[in-house]
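*Asks:* Supplied in structure tokens, the structure appears directly below.
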Amino acid sequence: MDFFGQVRQGIAKAVHKAAADLPIFHEFPECSILNSTDKLSIKLTNEHIQNPAWKPQVADQLIYSIKNEDNRKQTVVNGHFHGIGTDQGIVLKNMAGKPIMIVSLPNYSANSLGKLLHPSSATMYKIVTTPHSLNYTVIRSPSNEPVLRIEPVFISLYPIGKAIGLLATNCVYWIKRLDGTILGYVRPKLVVKGATLVVKFTSTQKDVQLRAVILGVSVLLMINQVHPQIKHRLEESMRLAQMK
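What follows is the structure, encoded as structure tokens:
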């Protein structure tokens, strides 16, 4: 084998070893609180963040408050900005400050809504557009196994509510298994000011890991469709991280 062949073989072995050394995670940690309610709301913590000129000033800045709508709107999870110049995104933490997951935009793909990462930064799920439709498919990583469908709801009063100013968004989606079983939905909440999304789990769906995935997908919908200025800041942060 010539010199360049040996170099290529050495690089291939190093890459294979590095991939083999990476841990594979199958569950999100610290998310048992999601079984305490069937209904959550996601809201910005400060109205000024809705300003298109907003820029996060410090790392770990609180962005989203996720509340239990069934229990006096008690906050159960918070979403934190991970910091300018990182390629990660919004970190969801429980009220003890322990991370549950990282909600991130896609690195390069235009056909992806984003991805859900284990707190260690290992990708666990990707949310991609379904070919020839307006649906999204949640795919488990690294197996590329499809697990959920995210389907927009067109026949509803929410677009009318947005058109007449009663709602800040018409983001309405069913969350379904691949066989069509409904696991929950995402819809706007009727509020006087600001934009809030409601996440409703079916009472029979008690798999806390699936609930965590649904919550992560809902935060991605919030970033992409309700608060594009946050999406732009996350994209800017990822771009700066890649320049380092």
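Sequential numbering of the sequence shown, starting at 4, is according to this note's numbering.
Just so it is clear, CB atoms sit at the ideal spot from N, CA and C, and this is done for glycine as well.
1) What three-state label does DSSP hand valine 175 in the structure shown?
2) If contacts are defined as beta-carbon pairs under 8 Å, then lysine 96 and valine 106 qualify, I think. What distance do you get, rounded to the angstrom?
3) Can you have a look at glycine 183 and say buried or exposed, based on whether 16 or more other CB atoms are within 10 angstroms of its CB?
4) Give me the Cα-Cα distance between isoleucine 233 and leucine 181, rounded to the nearest whole angstrom.
5) Compare the beta carbon distance of alanine 215 and isoleucine 45 with 8 Å and say whether it is the shorter of the two.
6) Measuring CB to CB, does phenylalanine 28 end up less than 8 Å from glutamine 212?
7) Kindly give me the distance between the Cβ atoms of isoleucine 248 and isoleucine 36, rounded to whole angstroms, as I take these residues to be in contact under 8 Å.
8) Assuming cysteine 174 and leucine 224 form a contact by the criterion Cβ under 8 Å, report the distance between their Cβ atoms to the nearest whole angstrom.
9) Straight-line CA distance for valine 150 to valine 156?
10) For the alpha helix (DSSP H) containing arginine 236, list its first residue and its last residue.
11) Could you tell me which whole beta strand (DSSP E) segments of length 3 or greater appear in the region 28-95?
12) State buried or exposed for glycine 100, treating a residue as buried only when at least 16 other CB atoms are found within 10 Å of its CB.
*Replies:* Put simply:
1) Correct three-state label for valine 175: coil.
2) Incorrect: roughly 12 Å between the Cβ atoms, too far for contact.
3) Exposed, because fewer than 16 other Cβ atoms sit within 10 Å of the Cβ of glycine 183.
4) Distance between the alpha carbons of isoleucine 233 and leucine 181 is about 31 Å.
5) With contacts defined as CB atoms closer than 8 Å, alanine 215 and isoleucine 45 fail to qualify as a contacting pair.
6) Remark: C-beta atoms of phenylalanine 28 and glutamine 212 do not approach each other more closely than 8 Å.
7) Outside the shown range of the chain, which is 4 to 247, sits residue 248, and nothing can be said about it.
8) Confirmed, about 6 Å.
9) One Cα belongs to valine 150, the other to valine 156, and the distance between them is close to 20 Å.
10) 231-246 is the span of the alpha helix (DSSP H), which, as asked, contains arginine 236.
11) Runs of the beta strand (DSSP E) inside the region 28-95: 42-47, 65-71, 77-84.
12) Answer is exposed; the Cβ neighbour count stays below 16.
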